[in-house]
Amino acid sequence: AVKSKLQTVEGVKNVNVDLDNQVVRILGSSPVKTMTEALEQTGRKARLIGQGVPDDFLISAAVAEFKGPDIFGVVRLAQVNMELTRIEANFSGLSPGKHAWSINEFGDLTRGAASTGKLYSLPLGDLGTLDVDEKGEAFYSGPKEKLRVADLIGRAIAVYATEDKSDPGLTAAVIARSAGVG
Numbered sequence: 405a406v407k408s409k410l411q412t413v414e415g416v417k418n419v420n421v422d423l424d425n426q427v428v429r430i431l432g433s434s435p436v437k438t439m440t441e442a443l444e445q446t447g448r449k450a451r452l453i454g455q456g457v458p459d460d461f462l463i464s465a466a467v468a469e470f471k472g473p474d475i476f477g478v479v480r481l482a483q484v485n486m487e488l489t490r491i492e493a494n495f496s497g498l499s500p501g502k503h504a505w506s507i508n509e510f511g512d513l514t515r516g517a518a519s520t521g522k523l524y525s526l527p528l529g530d531l532g533t534l535d536v537d538e539k540g541e542a543f544y545s546g547p548k549e550k551l552r553v554a555d556l557i558g559r560a561i562a563v564y565a566t567e568d569k570s571d572p573g574l575t576a577a578v579i580a581r582s583a584g585v586g
């Protein structure tokens, strides 16, 4: 059931299931959220513990966790190759509408997003806008060219009240190295 369900997901090329060891290996290009939801539809809990090109030792991953009290979320960054990073994000607690978000110079959260500095290495640090639905939730999944995860450790991701990145920002989280993505 697990293999047949995952093989129907767009972008999945190969599925290897080892239920005795509770391991499912997926080769494909689908967003993490899509693959996790498909696996959970089979009645199992899922957690991604690795992502990238198996033979590429330069692959690295990072995560930024937004822990409230009002805005919660997680941003995962995975180096796909030396020229491409995949970014996936989930947020809740934001006001509906468009919110700018960015990678900023510093991981200093002493004054929240206001102490994270300017956007990191324009245009690399500009992540565009999040489209927040009526429930206050936003999901993003996409590539960012020329962004290197190893260069981002210790910096911050900031989310803004509007599409204007010149305001101090609503919230921020430090980008930390991650052994896996999930």
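The number in our numbering is simply the position in the sequence shown, starting from 1, with 404 added. C-beta: ideal position from N, C-alpha, C; glycine also.
Pick out whichever of E469, R559, A577 and E567 has its Cα sitting closest to the Cα of V534.
As written in the sequence, residue 534 is Leu, which differs from the Val given in the question. Considering only alpha carbons, the answer is E567.
Since A393 contacts A576 with CB under 8 Å, what's their CB separation in whole angstroms?
There is no way to answer for residue 393, as the model of the chain reaches only from 405 to 586.
In whole angstroms, what separates the C-alpha of I579 from that of Y524?
12 Å
Assign R480 to one of two classes, buried (16 or more other C-beta atoms within 10 Å of its C-beta) or exposed (fewer than that).
buried
Candidates S496, V484, K502 and H503, of which the one nearest E549 by Cα:
V484
Counterpart residues of Q483 in DSSP-defined beta bridges
T489
Which whole-angstrom value is the C-beta distance of A493 and G573, which I expect to be below 8 Å?
At roughly 15 Å, the Cβ-Cβ gap does not stay under 8 Å, so A493 and G573 are not in contact.
Answer with buried or exposed for T412, where buried requires no fewer than 16 other C-beta atoms within 10 angstroms of its C-beta.
exposed
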